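What follows is one structure encoded as structure tokens, with my remarks underneath.
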Amino acid sequence: MSVKQISVFLENKAGSLQRMTGVLAEAGIDMRALTVAEARDFGVARIVVDDTFKAMNALKEASFLANLTPVLGVLVPDEPGGLDKLIRIFSEAQINIEYMYAFMGGKDSKHACMIIRVQDTEAGEQRLSGKGLRLLTQEQLAELVGH
Amino acid sequence: MERYYQEEIECASRERIREIQDEKLVKQVRRVWENVPYYRKKMEEKGITPEDIRSCDDLSKLPFLSKADLRDSYPYGLLGAPLEDCVRIQSTSGTTGKRVVAFYTQHDIDLWEDCCARAIMAAGGTREDVVQVSYGYGLFTGGPGLNGGSHKVGCLTIPTSSGNTDRQIMFIMDLSATILCCTPSYAAYLGERMKEMGLTPEDIPLKAGIFGAEAWSEEMRQDIQKTLGIKAYDIYGLTELSGPGVAFECSAQQGMHINEDHFIAEIIDPDTGEVLPDGEQGELVFTAIDKEAFPMLRYRTRDICTLNREQCSCGRTLVRMAKPKGRSDDMLIIRGVNVFPSQIETVLLKQGYATTYQIVVDRVNNTDTFDVQVEMTPEMFTDNVGEISERQKKLADGLKSMLGIKAKVSLLAPRSIQRSEGKAVRVIDRRKI
Numbered sequence: 003m004s005v006k007q008i009s010v011f012l013e014n015k016a017g018s019l020q021r022m023t024g025v026l027a028e029a030g031i032d033m034r035a036l037t038v039a040e041a042r043d044f045g046v047a048r049i050v051v052d053d054t055f056k057a058m059n060a061l062k063e064a065s066f067l068a069n070l071t072p073v074l075g076v077l078v079p080d081e082p083g084g085l086d087k088l089i090r091i092f093s094e095a096q097i098n099i100e101y102m103y104a105f106m107g108g109k110d111s112k113h114a115c116m117i118i119r120v121q122d123t124e125a126g127e128q129r130l131s132g133k134g135l136r137l138l139t140q141e142q143l144a145e146l147v148g149h
Numbered sequence: 151m152e153r154y155y156q157e158e159i160e161c162a163s164r165e166r167i168r169e170i171q172d173e174k175l176v177k178q179v180r181r182v183w184e185n186v187p188y189y190r191k192k193m194e195e196k197g198i199t200p201e202d203i204r205s206c207d208d209l210s211k212l213p214f215l216s217k218a219d220l221r222d223s224y225p226y227g228l229l230g231a232p233l234e235d236c237v238r239i240q241s242t243s244g245t246t247g248k249r250v251v252a253f254y255t256q257h258d259i260d261l262w263e264d265c266c267a268r269a270i271m272a273a274g275g276t277r278e279d280v281v282q283v284s285y286g287y288g289l290f291t292g293g294p295g296l297n298g299g300s301h302k303v304g305c306l307t308i309p310t311s312s313g314n315t316d317r318q319i320m321f322i323m324d325l326s327a328t329i330l331c332c333t334p335s336y337a338a339y340l341g342e343r344m345k346e347m348g349l350t351p352e353d354i355p356l357k358a359g360i361f362g363a364e365a366w367s368e369e370m371r372q373d374i375q376k377t378l379g380i381k382a383y384d385i386y387g388l389t390e391l392s393g394p395g396v397a398f399e400c401s402a403q404q405g406m407h408i409n410e411d412h413f414i415a416e417i418i419d420p421d422t423g424e425v426l427p428d429g430e431q432g433e434l435v436f437t438a439i440d441k442e443a444f445p446m447l448r449y450r451t452r453d454i455c456t457l458n459r460e461q462c463s464c465g466r467t468l469v470r471m472a473k474p475k476g477r478s479d480d481m482l483i484i485r486g487v488n489v490f491p492s493q494i495e496t497v498l499l500k501q502g503y504a505t506t507y508q509i510v511v512d513r514v515n516n517t518d519t520f521d522v523q524v525e526m527t528p529e530m531f532t533d534n535v536g537e538i539s540e541r542q543k544k545l546a547d548g549l550k551s552m553l554g555i556k557a558k559v560s561l562l563a564p565r566s567i568q569r570s571e572g573k574a575v576r577v578i579d580r581r582k583i
């Protein structure tokens, strides 16, 4: 049930993020979520897109270093304590969150979508089931914020 | 007033110098023939024997020695004296694991230290001076050479070796050091640090500096002279020939006087090996005419420069060499340390990187910057930023332990280093010297 995130290596210099967005634009890719993790002199762009296969091909064609990382897409209610409920589940299960990022908007205005990276994706999924939180598939995620 | 350590040599007539050279050369060729089978074979291949070398006019008949010969004959192949007569070795930072190891008898150490003593007196040194030697001590020739020269002149010698900048400054100030010996980039750094500490050239007791072991510009000289309030003298040398002091600058600062009673200099065309007339630019070749343990004959330095035989205003008659324009092979001197691209390649390969890399060297505020840029590979790439940073650090550490100096490591996107159709461009040297 995990979602495939594309991670792209970026050099820390002017224009390198644009080169990536340019390639995706050219291929007609719609991005669902984006975040950039930066180290001292390089970065890794993390994106979730509508057509993962097509996006990977376009990036590799343009000599980008990109790989797929399984992440969890979770809908949390957009209200006080919404995120806390989710994080508490991981915390109680002693599951370490490597990183996470959020996006809002799209068709569903009552929820925020969290993208979460944990070491053991399956264990993470199991913990979340039956807790009243909605775990998204790739298709659902694409659908959620689609046009 | 110009001072000389050995005036009878330094200011001898050209005829006298030529006499000394002729006599020593003939003797040296014979001893090499008898003691160094490696070179004897080279002579035999050219069909010559010691009888063919009667004076300096015959020098060009002798075969060349190059860095490749040093590697091939490592470690004892070029030894010209019995090992039990040797008292010391010195060594370079080495390439692909094979260092140049040079041997010295007591006689060799003496003549080397004499050369350095000449350099110190040419820089105005007397027995009243306090000489701080901030070149590295140990295998590197810089420290031991100037240390010995300073003793010969009778100066009070402060053997600080390199590093620990604040302690260097403390000794200069507390013991009123008057002559500083180190690499020019370290001198510039010391100057910068002293300026930061609020010391003006008037506060600094130094009057002269003897700087070498790396290429430096006239502009950098002016800068150092101004910041430290000193006169900065250039010095030249190679481990293969002894170390610093093969040539040294006088107060005229118009080229370095070659110690011709020990070393005969020639300029050759690096491609054909033909000897070029005086004044023409070419590769500098040296013949060590009275070294015992490591008697280099016609050693190709790879340094490109010119010779000037005009009489110098300082009174010395020794021929002068211009500052070398650069090396004709791939060796880089960064912060005074020899760096070969092949060493960097070794580290990269060991750590699983590809050999598409680039070395970018520049000089910012008179200090060399050293950037090793390497392309990220699919095998190396992970979504985990910390893991990539860790790898980057491991590479930097690996380079440091191989080269002895710190490099900045940059990870580049694949295919971002321009591919060459012929020989790869590994080195981008932006230093303007």
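From first to last, the protein sequence lines stand for chains A and B.
If you count the first sequence from 1, you need to add 2 to reach our numbering.
If you count the second sequence from 1, you need to add 150 to reach our numbering.
By construction, the Cβ of each residue, glycine as well, lies at the ideal position given by its N, Cα and C atoms.
Every value quoted in this text rests on a predicted model; they were computed, and no experiment measured them.
- Secondary structure at Leu88 of chain A: helix, using DSSP grouped into helix, strand and coil.
- Here Ala68 of chain A is actually not in contact with Ala29 of chain A; their C-beta atoms are around 13 Å apart, not less than 8 Å.
- The beta-carbon separation of Thr291 of chain B and Thr389 of chain B, rounded to 5 Å, stays under the 8 Å limit for a contact.
- Residues of chain B with a Cβ closer than 7 Å to the Cβ of Phe11 of chain A are, in chain order, Met526, Phe531, Ala563.
- The Cβ of Leu77 of chain A sits no closer than 9 Å to any Cβ of chain B.
- Listed in chain order, the non-local C-beta contacts of Thr517 of chain B below 8 Å within the same chain comprise Ser335, Ala338, Tyr339, Arg485, local neighbours out to five positions each way being set aside.
- Under the DSSP assignment, Asp518 of chain B falls in the beta strand (DSSP E) whose first and last residues are 517 to 525.
- Residue-level contact by beta carbon fails for Ile578 of chain B and chain A, as no gap is shorter than 9 Å.
- With contacts defined by Cβ atoms closer than 9 Å, Asp521 of chain B and Ala557 of chain B form a contacting pair.
- Counting only runs of 4+ residues, no alpha helix (DSSP H) is found wholly inside the stretch 388 to 450 of chain B.
- Three or more beta-carbon pairs separated by less than 8 Å are not found between the stretch 366 to 381 of chain B and the stretch 409 to 421 of chain B, which leaves the two stretches without contact.
- The CB of Thr71 of chain A comes closer than 8 Å to the CB of Asp533 in chain B, given here in chain order.
- The DSSP assignment places 292 to 303 as complete runs of the alpha helix (DSSP H) inside the stretch 261 to 313 of chain B, in order along the chain (cut-off: 4 residues).
- Taken in chain order, the members of the stretch 17 to 44 of chain A whose beta-carbon sits within less than 9 Å of a beta-carbon on chain B are Ser18, Arg21, Ala39, Glu40, Ala41, Arg42, Asp43, Phe44.
- For Ile538 of chain B, the chain A residues whose Cβ falls inside 9 Å of its Cβ are Phe11, Ala41, Phe44, Val46, in order along the chain.
- Within its own chain, the residues whose Cβ lies closer than 8 Å to the Cβ of Asn297 of chain B, once the five positions on either side in sequence are excluded, are Val283, Tyr287, Thr307, Pro309, listed in chain order.
- Within chain B, the residues whose beta carbon sits less than 9 Å from that of Ser65 of chain A are Ala563, Pro564, Arg565, Ser566, listed in sequence order.
- For the stretch 284 to 296 of chain B, there are no residues whose beta carbon sits under 9 Å from a beta carbon of chain A.
- The beta carbon of Glu124 of chain A does not come within 9 Å of any beta carbon belonging to chain B, so the residue lies off that interface.
- Here the stretch 353 to 361 of chain B makes no contact with the stretch 220 to 237 of chain B; the two share fewer than three CB pairs at distances below 8 Å.
- If you look at Tyr339 of chain B, you'll find it in the alpha helix (DSSP H) that goes 334 to 346.
- Within chain A, the residues whose beta carbon sits less than 9 Å from that of Ser560 of chain B are Glu13, Asn14, Asp43, Phe44, listed in sequence order.
- Nearest CB-CB separation between Gln140 of chain A and chain B: not below the 9 Å threshold.
- Here DSSP, grouped into helix, strand and coil, assigns Cys115 of chain A to strand.
- Taking the C-beta atoms as reference points, Thr527 of chain B is found no nearer than 9 Å to Pro491 of chain B.
- For Gln20 of chain A, the uninterrupted alpha helix (DSSP H) segment begins and ends at 18 to 28.
- Our two residues, Met530 of chain B and Ser216 of chain B, have alpha carbons roughly 39 Å apart in a direct line.
- Three or more pairs of CB atoms, one per stretch, sit closer than 8 Å, so the stretch 435 to 443 of chain B contacts the stretch 158 to 175 of chain B.
- Going by DSSP, Ser551 of chain B is part of the alpha helix (DSSP H) stretching over 535 to 553.
- Taking CB atoms only, Gln542 of chain B has a neighbour in chain A less than 9 Å away.
- The DSSP-derived three-state label of Ile380 of chain B is coil.
- Residue-level contact by beta carbon holds for Gln7 of chain A and chain B, with a gap shorter than 9 Å.
- Between Ile49 of chain A and Ala41 of chain A, the CB-CB gap reaches or exceeds 9 Å.
- Residue contact check for Arg90 of chain A against chain B: no CB pair falls below 9 Å.
- Any Cβ of chain B closer than 9 Å to the Cβ of Glu145 of chain A would place that residue at the interface, and such an atom is absent.
- For Ser560 of chain B, the beta-bridge partners assigned by DSSP are B:Gln523.
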